[in-house]
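Residues 1 to 465 (the UniProt record's numbering) are what the sequence shown spells out, left to right.
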Amino acid sequence: MTRRIRTRFAPSPTGFLHIGGARTALFSWAYARHHGGDFILRIEDTDVARSTPEAVQAILDGMNWLGLEWDEGPFYQMQRMDRYKQVIGQMLEAGTAYYCYTTPEELEAIREAQRDRGDKPRYDGRWRPEAGKVLPTPPEGVKPVVRFKNPTSGKVAWKDVVKGDIEFDNAELDDLIIARPDGTPTYNFCVVVDDWDMGITHVIRGDDHVNNTPRQINILRALGAEVPEYGHLSMILGSDGQKLSKRHGAVSVMQYDDDGYLVEAVINYLARLGWSHGDDEIFSREQFVEWFDLDRITPSAAQFNFEKLDWLNAHYIKQADPARLAADASRRLTQRGVSLADGPALEAVIALYHERVNTLVQLADSVEPYYIDVTPSEELAAQHFTDAAKAALASLRARLAEVAWDKATLSAAIKETCTEHALKMPQVAIPLRVALLGVTQTPAIDAVLEVIGRDRVIARLGRIA
Ligand code: GLU
1 MTRRIRTRFA PSPTGFLHIG GARTALFSWA YARHHGGDFI LRIEDTDVAR
51 STPEAVQAIL DGMNWLGLEW DEGPFYQMQR MDRYKQVIGQ MLEAGTAYYC
101 YTTPEELEAI REAQRDRGDK PRYDGRWRPE AGKVLPTPPE GVKPVVRFKN
151 PTSGKVAWKD VVKGDIEFDN AELDDLIIAR PDGTPTYNFC VVVDDWDMGI
201 THVIRGDDHV NNTPRQINIL RALGAEVPEY GHLSMILGSD GQKLSKRHGA
251 VSVMQYDDDG YLVEAVINYL ARLGWSHGDD EIFSREQFVE WFDLDRITPS
301 AAQFNFEKLD WLNAHYIKQA DPARLAADAS RRLTQRGVSL ADGPALEAVI
351 ALYHERVNTL VQLADSVEPY YIDVTPSEEL AAQHFTDAAK AALASLRARL
401 AEVAWDKATL SAAIKETCTE HALKMPQVAI PLRVALLGVT QTPAIDAVLE
451 VIGRDRVIAR LGRIA
């Protein structure tokens with residue numbers, strides 16, 4: 001019988017959930033979902049100096065916003081200390097771990113001597129028990145660390161589900177410290193006990209952990225635990241091929257929400273960062289789960305590309321339910337102190353713009369002038385409110401006071417004004433846009449007029465014409 005698939009996302013709460021972590025979480029989640037398995041959230045908070053409750057909250061917020069629901073957890077490593085200590089006790093008893101009394105000063109001296117001889121610096125195994133070996137007497141007053149008794153020969157190898165065959169010589173691996181002098185377990189050890197206790201079948205994580213994997217596998221074997229599959233995801237690079245930094249988009253996933261990206265665009269975008277399904281670029285979360293498998297993850301680094309994210313976002317905004325876009329715009333505008341109370345119906349304004357923007361912030365920016373007292377900038381006013389334009393806008397205003405308020409009639413009124421003043425369409429339409437909305441480019445002017453409504457149009461034109 002095959003085991004039920006169990007994956008986990010195990011962030012360290014030392015900052016927000018950034019885009020790289022989000023992709024790791026997404027792939028782990030999708031793999032569990034694809035196989036009808038379980039996805040576990042584990043908070044690796046043993047680095048007490050760097051872990052904060054705010055960072056935990058930021059991770060949970062990010063996961064919730066992305067819709068990556070977990071089936072178990074969040075588990076907190078700090079709450080599992082007794083369990084780690086229990087396993088350390090068992091290993092000491094079984095002889096797969098041992099006390100080491102070497103002080104940091106001694107260790108430094110050992111390493112220096114090794115360097116002088118041209119050897120690779122490493123722990124020399126002086127406290128490692130071996131058959132027939134007589135160990136030194138434990139010194140007074142020195143609190144020992146606990147070391148894992150790593151095999152000294154042979155190789156530790158695994159078939160990485162992303163990177164293929166990887167192997168390390170055991171001779172290259174030191175006897176890892178698994179408990180500090182105060183008894184607290186170390187990072188690699190906690191991960192091992194957790195993956196074991198939580199029955200993780202597939203460890204999907206960033207490839208900055210490749211070097212931890214041989215040690216973790218050896219400890220799992222010493223514990224008689226089943227070794228999970230490992231898949232190490234390559235880094236995400238910036239669009240310039242450099243390490244991803246803030247300016248490349250390595251910001252909190254919640255920043256994408258603030259910046260007006262729809263969650264389906266972000267999910268779709270992250271899914272394609274290092275994974276593909278033929279030529280498919282646009283797909284739903286459900287399709288992704290259906291298609292996702294580990295064998296289509298590219299072992300090479302993926303590059304972040306804002307234009308593509310914008311393109312996807314524009315696509316999802318076009319498709320979005322108008323009521324949802326209205327709710328978002330309403331929230332953003334209210335935050336800016338803009339009241340929607342006596343302006344046009346928000347959905348009608350949004351319908352003019354939702355196919356023209358890349359982000360929800362741009363959408364809110366486009367919609368805002370319909371609800372505020374627009375004062376065109378002096379520069380735009382000087383450029384566009386020429387005497388000829390003002391005269392034309394004055395007669396247009398008079399016409400608009402009387403005509404029926406529908407696009408065809410409004411369009412005819414503008415054309416008549418052009419003819420009357422011997423002006424070309426843009427010579428009237430652009431000053432009109434500046435007067436009404438403070439910008440030179442808008443959707444079709446008749447549609448804009450229709451939505452703004454007669455009273456506001458007349459009032460705004462009255463201020464300049
Ligand atoms: N806590 C580790 C990190 O945030 C992940 C460890 C793991 O996935 O095994 O990088």
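Cβ atoms here follow ideal geometry from the backbone N, Cα and C, with glycine treated the same way.
Note that the coordinates shown come from a computational prediction; the quantities given were computed from them, not determined experimentally.
In the three-state reduction of the DSSP assignment, Ser330 falls in the helix class, which pools H, G and I.
The criterion of a C-beta distance shorter than 8 Å is not satisfied by Phe168 and Pro228.
According to the DSSP assignment, Asp165 belongs to the beta strand (DSSP E) that extends over 164–169.
If you check the C-beta of Ala10 against ligand 1, you find a heavy atom less than 7 Å away. Taking 7 Å as the cut-off, one finds no heavy atom of ligand 1 near enough to the beta carbon of Glu229. Distance from the C-beta of His232 to the nearest heavy atom of ligand 1 is not below 7 Å.
Under a 10 Å Cβ-count criterion, Asn64 is classified as exposed, with fewer than 16 other Cβ atoms of the shown protein chains found around its own Cβ. Residue state for Lys243 is assigned as strand, using DSSP reduced to three classes.
Relative to ligand 1, the beta carbon of Arg215 is positioned no closer than 7 Å to any heavy atom. With a 10 Å radius around the Cβ and a threshold of 16 neighbouring Cβ atoms, Met91 comes out buried. Shown here, Ala271 sits in a helix according to DSSP, grouped into three states. Within the chosen limit of 7 Å, ligand 1 reaches the beta carbon of Glu44 through at least one heavy atom.
DSSP places Pro431 in the helix class (H, G or I) of the three-state scheme.
Take the alpha-carbon of Pro136 and the one of Val289: they are about 57 Å apart.
Taking non-hydrogen atoms of ligand 1 into account, the C-beta of Val253 is found less than 7 Å away from none of them. In the displayed model, Arg126 falls within coil according to three-state DSSP, outside both helix and strand. In this structure, the beta-carbon distance from Phe16 to Ala49 does not fall below 8 Å.
Proximity to Gly274 across Phe292, Ala301, Val361, Arg332 peaks at Ala301, based on C-alpha coordinates. Cβ-Cβ distances below 7 Å link Ile452 to Pro344, Tyr370, Leu436 in the same chain, with the five nearest sequence neighbours on each side left out; the list follows chain order. Beta bridge pairing from DSSP links Tyr98 with Arg147. Of the residues assessed, Val338 falls on the buried side of the cut-off, its CB having 16 or more other CB atoms within 10 angstroms.
DSSP places Ser252 within a strand segment (E or B) once states are collapsed to three.
Comparing C-alpha distances from Pro121 to each of Leu173, Asp208, Phe304, Ala222 shows the shortest one belongs to Leu173.
For Glu286, there is no enclosing beta strand (DSSP E); the residue is found in the alpha helix (DSSP H) stretching over 285–291.
Less than 8 Å separates the beta-carbon of Leu410 from that of Asp446. Residue range 213–222 is occupied by the alpha helix (DSSP H) that includes Arg215. Listed in chain order, the non-local C-beta contacts of Pro74 below 6 Å within the same chain comprise Leu41, Ile43, local neighbours out to five positions each way being set aside.
Asp175: not part of any alpha helix (DSSP H); DSSP gives it neither H nor E. DSSP links Ala302 through a beta bridge to Ile236. Around Ala389, the same chain offers Pro431 as residues with beta carbons nearer than 6 Å, after the five sequence neighbours per side are excluded. Ile177 places its beta carbon less than 8 Å from that of Thr186. Tyr316 is the residue among Tyr316, Asp342, Asp365, Ala329 whose C-alpha sits nearest the C-alpha of Glu355.
Apart from sequence neighbours up to five positions away, the residues of its chain that approach Ser330 with a beta-carbon distance below 7 Å are Leu340, Leu346, ordered along the chain. Thr46 and Tyr269 have their C-alpha atoms spaced approximately 32 Å apart.
Two segments are said to touch when three or more pairs of C-beta atoms, one from each, lie closer than 8 Å; by this definition the region 358–372 touches the region 252–266. In this structure, the straight-line span from the alpha carbon of Glu379 to that of Val448 is close to 23 Å.
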